[in-house]
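Asker: Structure in structure tokens, see below.
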Amino acid sequence: MLVLRNFRRAQVLSRPHRSILRTAPATRRTFLTGLGNEFLDLALALPLPPGTPVYATTIILVTIATRAALLPVAIWGKQKSRVIEEVVMPIIAKEKPVVAQEVFEKMKADKIRGDKPFLIEYHAKRCQEILNARRKELMREHGCQTWKSMLVPPLVQLPPFFVITLMLRRLSEGPTPFDSEAFFTLTNLVHPDPTMTLPILLGVITMANVETNNWLMTATQRANLKKLEEKREKMKAEGKRILEPGKIIKNALRGLSVIRILVASVMPGSISLYWVTSASLGLVQTWIMDWMDYRRRSLLESKAAAAPPGAPDPASTKTVQTKRRR
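Residue numbers (the numbering used here): 1229 to 1554.
Encoded structure:
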């Protein structure tokens, strides 16, 4: 009886599991198949000149259209970063001397005693805590938290990227019209690039996209970067452990460039073409936005250099006065 009961229980538990495994791939396959059929219909409907590789051209055009549709999200992320640079950080810079004086007066009122190094370290720590809290408050007030500008644009771009990649993977399975069209170094759009040109080009473009931040830097940015490096070296010499998230992310992205070469070398030519096109458009987009930021920062620095030394900032002055009343 115990054996029969266990057998019946196993039958009941296995039925939903089998139905899920049977229906889920069918649904996914239907979606990708329908999307692939729409892609093929679009490729045949486009008024391309005779002799043009229809499917490769359609892949490029679809990539351009997708990038153009997602461009507002990238611009939104850049605008949030500009608010931090042009609004939040100038206010923090204006309030820094006021905070330092207030902390000093508070230390005197609390009768904090100690040797000079201790007092300097305590004062710097308290000022940093207050300024960090103030910066977070301003960023919440203006809706420009760092995580928004860093995470939202990539998270919005990932779903279309994976969907198009899976669709092209599905279309590259035989029988398919992709096996009768050659493009650039690809003998057809089904097999990997035999010359490894597209995978290597993909890795180079990805690496360039990582390093593009260092191409356009103003004199002030380079000076600040140099001071930051000197400060880090000094802290390392003192035996302090330093966590550098920027370097960690950059090294991870550099490693991703190599991984993309290896993955693209075994992918169908259609996917390699899509990845290279998407990476190229991303590099152009990043470079244009960085160039616009470079022009904007250069203009702000020239205005700041031409302004009188004691010229007040109305927004910052109002903020400081409000803080004093508090």
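Every residue gets a Cβ at the ideal spot worked out from N, C-alpha and C, and that includes glycine.
Comparing alpha-carbon positions, which option in A1271, C1355, I1303 lies nearest G1510?
Answerer: Reading the sequence shown from its first residue, position 282 is the one you call residue 1510. Ranking the options by Cα distance to G1510, first place goes to I1303.
Asker: When you compare each of Q1513, P1405, E1409, M1495 to T1280 by their alpha carbons, which one comes out closest?
Answerer: For the purposes of this step, residue 1280 is taken as residue 52 along the sequence shown, with counting starting at 1. Among Q1513, P1405, E1409, M1495, the Cα nearest to that of T1280 belongs to E1409.
Asker: Just mark K1308 as buried or exposed, buried being the case when its beta carbon has 16 or more other beta carbons within 10 Å.
Answerer: Position 80 of the sequence shown, counted from the start, is the residue given in the question as residue 1308. Its Cβ being crowded by 16 or more others within 10 Å, K1308 is buried.
Asker: Let's test the definition: count the other Cβ atoms within 10 Å of the Cβ of R1523 and tell me whether it reaches 16, buried, or not, exposed.
Answerer: Position 295 of the sequence shown, counted from the first residue, corresponds to residue 1523. So R1523 ends up on the exposed side.
Asker: For A1451, which residues in the same chain have their Cβ closer than 7 Å to its Cβ, ignoring the five residues on either side in sequence?
Answerer: Here residue 1451 is taken as the residue at index 223 of the sequence shown, counted from 1. Contacts found: none.
Asker: Which residues in the same chain as S1177 place their Cβ atom closer than 8 Å to its Cβ, once the five residues preceding and following it in sequence are excluded?
Answerer: Here the chain has residues from 1229 to 1554 only, and residue 1177 is not among them.
Asker: Looking only at its own chain, which residues have a Cβ that is under 6 Å from the Cβ of R1250, when we skip the five neighbours before and after it?
Answerer: As a working mapping, residue 1250 is identified with position 22 in the sequence shown. Because R1250 sits at a pLDDT of 35, beneath the cut-off of 50, its placement in the model cannot be relied upon, and the point is left open.
Asker: Taking 8 Å as the cut-off, does the segment 1321-1329 touch the segment 1367-1386 (at least 3 CB pairs, one atom from each stretch)?
Answerer: These segments do not touch.
Asker: Count the other C-beta atoms from every protein chain shown that fall within 10 angstroms of the C-beta of A1507, then say buried if there are 16 or more, exposed otherwise.
Answerer: Reading the sequence shown from its first residue, position 279 is the one you call residue 1507. A1507 is buried by the Cβ-count criterion.
Asker: Work out the CA separation of T1514 and F1259 for me, nearest whole Å.
Answerer: Here residue 1259 refers to the residue found at position 31 when the sequence shown is read from its first residue. Here residue 1514 refers to the residue found at position 286 when the sequence shown is read from its first residue. Those two C-alpha atoms are separated by around 32 Å.
Asker: Within 10 angstroms of the Cβ of L1386, are there 16 or more other Cβ atoms? Answer buried if so, exposed if not.
Answerer: Numbered from its first residue, the sequence shown carries residue 1386 at position 158. The residue is exposed, with fewer than 16 neighbouring Cβ atoms inside 10 Å.
Asker: With respect to 6 Å, is the separation between the Cβ of V1384 and the closest non-hydrogen atom of the ligand MG below this value?
Answerer: By its list of ligands, the structure shown contains no ligand whatsoever, and the ligand MG lies outside what it can speak to.
Asker: Assuming contact is defined by CB atoms lying nearer than 7 Å, are R1525 and T1446 in contact in what I supplied?
Answerer: The count along the sequence shown starts at 1 and reaches residue 1525 at position 297. The count along the sequence shown starts at 1 and reaches residue 1446 at position 218. Yes, Cβ-Cβ distance for R1525 and T1446 is below 7 Å.
Asker: When DSSP labels each residue in this structure, what does V1548 get in the three-state scheme?
Answerer: Taking the first residue of the sequence shown as 1, we reach residue 1548 at position 320. Residue confidence is low: V1548 scores 39 on pLDDT, short of 50, so the model does not pin down where it sits. Its coordinate-derived value is still stated next. Here V1548 sits in helix by DSSP.
Asker: Going along the chain, which unbroken runs of the alpha helix (DSSP H) with 4 or more residues stay wholly within the segment 1400-1461?
Answerer: Whole alpha helix (DSSP H) segments, 4+ residues: 1425-1439.
Asker: Three-state secondary structure (DSSP) at T1393?
Answerer: In the sequence shown, residue 1393 corresponds to position 165, counting from 1. Of the three classes helix, strand and coil, the one that applies to T1393 here is helix, per DSSP.
Asker: With the cut-off set at 7 Å, would you say K1376 and M1517 are in Cβ contact?
Answerer: Position 148 of the sequence shown, counted from the first residue, corresponds to residue 1376. Position 289 of the sequence shown, counted from the first residue, corresponds to residue 1517. No. Outside cutoff.
Asker: Can you list, in chain order, the residues of its chain whose CB lies under 7 Å from that of L1484, leaving out five sequence neighbours each side?
Answerer: Your numbering for residue 1484 matches position 256 in the sequence shown. These residues qualify, in order along the chain: T1434.
Asker: Locate the alpha helix (DSSP H) running through T1286, then write down its first and last residues.
Answerer: For the purposes of this step, residue 1286 is taken as the residue at position 58 of the sequence shown. Here the alpha helix (DSSP H) through T1286 covers 1282-1311.
Asker: Go ahead and label F1406 buried or exposed: buried means 16 or more other beta carbons lie within 10 angstroms of its beta carbon, across all protein chains shown.
Answerer: Here residue 1406 corresponds to residue number 178 of the sequence shown, with the count starting at 1. Looking at its Cβ environment, which holds 16 or more other Cβ atoms inside 10 Å, F1406 is buried.
Asker: Is the segment 1394-1405 touching the segment 1259-1276, taking contact as three or more C-beta pairs under 8 Å?
Answerer: Segments in contact, yes.
Asker: Helix, strand or coil: which one does DSSP assign to E1466?
Answerer: Within the sequence shown, residue 1466 is the residue found at index 238, counting from 1. Note: E1466 maps to coil in three-state DSSP.
Asker: How about I1358 and V1327: do their beta carbons lie closer than 7 Å?
Answerer: Within the sequence shown, the letter at position 130 stands for residue 1358. Within the sequence shown, the letter at position 99 stands for residue 1327. Result yes, Cβ atoms of I1358 and V1327 sit closer than 7 Å.
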